[in-house]
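In our numbering, the protein residues as written are 16 to 391.
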């Protein structure tokens, strides 16, 4: 643990921040001391692992924001999956924190007026305010890119059926394991606050309506090329936001457009696909193999079976997205059953300690088989 790390509280805590709690040693500037949730979210007085059905972390969630302030220097405002009214619930907590001279880190996208209010308030109390949703983290206005550049460093893609399929957990697990194995890792994460863990957030220009889709492909390619030249790493991990195809006519997963554009910008040398839980058969994974191969132009090397299941019944009855969290031990049994079918690619449970280490080693072995790369 770094001696200069600030003690930090996460608020409001839920499954969104659970992967970071498991891999909190990756936070470059913060030591997590308190997790504060909202009453009614069924997390208060529980171990933080309850948020996403994972292994016990021995960090208890509290609802007492005021008391937790005494144990921290900084409050990190989480862009929680379960939404609380920002103006009525979250903002008053920010005011209280600033009045107690606590620094603020915000990962929630704010309206301009609210953002300015918080900035002014922090300046008046002489506390630091960090806003992790910068629209220009990578300034495309200075780019003169007109063509695709060849990337020499091996690239690992992490993609999946949707945003809640465990992609970020895989990204952090791979980062942690590969670094422990001695590799220098560059990374582009699928969330907007990855700089907290000392790697690159997904560039906001990919969501812009001011540039063409063709320009996005070229700019993303050059974005990765710049990372390669500046970092001189052994491997680059890219987390792909969204899914690869629609759930239905209303919940479209962006039609897989981002995944397609990224696949045109750079080609992975290895790829992990994570899928929401269902009682799958062998044919399902074969169909995903073919979809990825013919739609995106690369091969999947291994799979992850998520412990999150889409609630199709609520979607049909309420026309809203709901998810069910399953215990990771249950997923391990299902994963073992699927692997017994002798699929041509392994399936992992990233929430298993052995599972995430095995996935990292498997991917390194795959890269080692490529004569173009010196990965050993």
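Glycine included, every Cβ here is placed at the ideal spot set by N, Cα and C.
Predicted model only: the values in this text are computed from it and were never measured.
At the C-beta level, residue 259 and residue 271 come within 7 angstroms of one another. In chain order, 122, 147 place their CB closer than 6 angstroms to the CB of residue 208, counting only its own chain and leaving out the 5 sequence neighbours on each side. Contact annotation: the segment 67-77 does not touch the segment 96-109, with fewer than three C-beta pairs closer than 8 angstroms. In the three-state scheme derived from DSSP, where H, G and I count as helix and E and B as strand, residue 87 is classed as coil. Put simply, of 210, 290, 232, 19 the residue whose alpha carbon is nearest the alpha carbon of residue 220 is 232.
Proximity to residue 301 across 180, 356, 77 peaks at 356, based on C-alpha coordinates. When rounded, the separation of the alpha-carbon atoms in residue 110 and residue 86 is 17 angstroms. Segment contact: the segment 239-249 against the segment 191-207, three or more CB-CB distances shorter than 8 angstroms; contact assigned.
Beta-bridge partners of residue 217 (DSSP): none assigned. Beta-bridge partners of residue 45 (DSSP): 21. For residue 115, the three-state secondary structure derived from DSSP is coil.
Residue 191 and residue 182 have their C-alpha atoms spaced approximately 14 angstroms apart.
The alpha helix (DSSP H) runs of length 4 or more contained entirely in the segment 245-330 are, from start to end of the chain, 272-280, 297-306. Cα atoms of residue 19 and residue 144: separation of roughly 18 angstroms, rounded to the nearest angstrom. A contact between stretches requires three or more CB pairs, one per stretch, nearer than 8 angstroms, and the segment 35-44 fails this requirement with the segment 307-322. In this structure, the beta-carbon distance from residue 24 to residue 83 falls below 7 angstroms. Proximity to residue 288 across 297, 303, 194 peaks at 303, based on C-alpha coordinates.
For the 7 angstroms CB-CB criterion, residue 76 and residue 52 form a contact. Counting C-beta atoms within 10 angstroms of its own C-beta, residue 327 has fewer than 16 neighbours from the protein chains shown and is therefore classed as exposed.
Per DSSP, the beta bridge partners of residue 200 are 250. By the beta-carbon neighbour count (other beta carbons within 10 angstroms, threshold 16), residue 57 is exposed. Just so you know, the alpha carbons of residue 228 and residue 105 end up roughly 36 angstroms apart.
DSSP, read as helix, strand or coil, puts residue 175 in strand. Annotation for residue 173: 182, 185, 186, 254, 287 place their beta carbon closer than 6 angstroms to its own, counting only its chain and skipping 5 residues before and after. In the DSSP assignment, residue 377 falls within the unbroken alpha helix (DSSP H) covering 368-383.
Per DSSP, reduced to three states, the secondary structure at residue 147 is coil, with no helix or strand assignment.
Where residue 133 is concerned, the enclosing alpha helix (DSSP H) starts and stops at 127-140. Nearest in C-alpha terms to residue 354, of all of 296, 338, 30, 50, is 296. Around residue 365, the same chain offers 181, 184, 185, 188, 319, 371, 374 as residues with beta carbons nearer than 7 angstroms, after the five sequence neighbours per side are excluded.
Where residue 338 is concerned, there is no enclosing alpha helix (DSSP H), although the beta strand (DSSP E) around it starts and stops at 338-340. Cβ-Cβ distances below 7 angstroms link residue 283 to 170, 171, 172, 313 in the same chain, with the five nearest sequence neighbours on each side left out; the list follows chain order.
For residue 93, the CB contacts under 7 angstroms within the same chain, skipping 5 residues up- and downstream, are 25, 26, 27, 28, 31, 32, 122 in chain order. For residue 194, the enclosing alpha helix (DSSP H) stretches over residues 182-195. Contact check for residue 359 and residue 341: beta-carbon distance about 26 angstroms, past the 8 angstroms limit, so the pair fails to qualify. By alpha-carbon distance to residue 88, the top candidate from 124, 108, 112, 279 is 112.
Its Cα nearest to that of residue 95, the residue 206 stands out among 60, 126, 206, 292.
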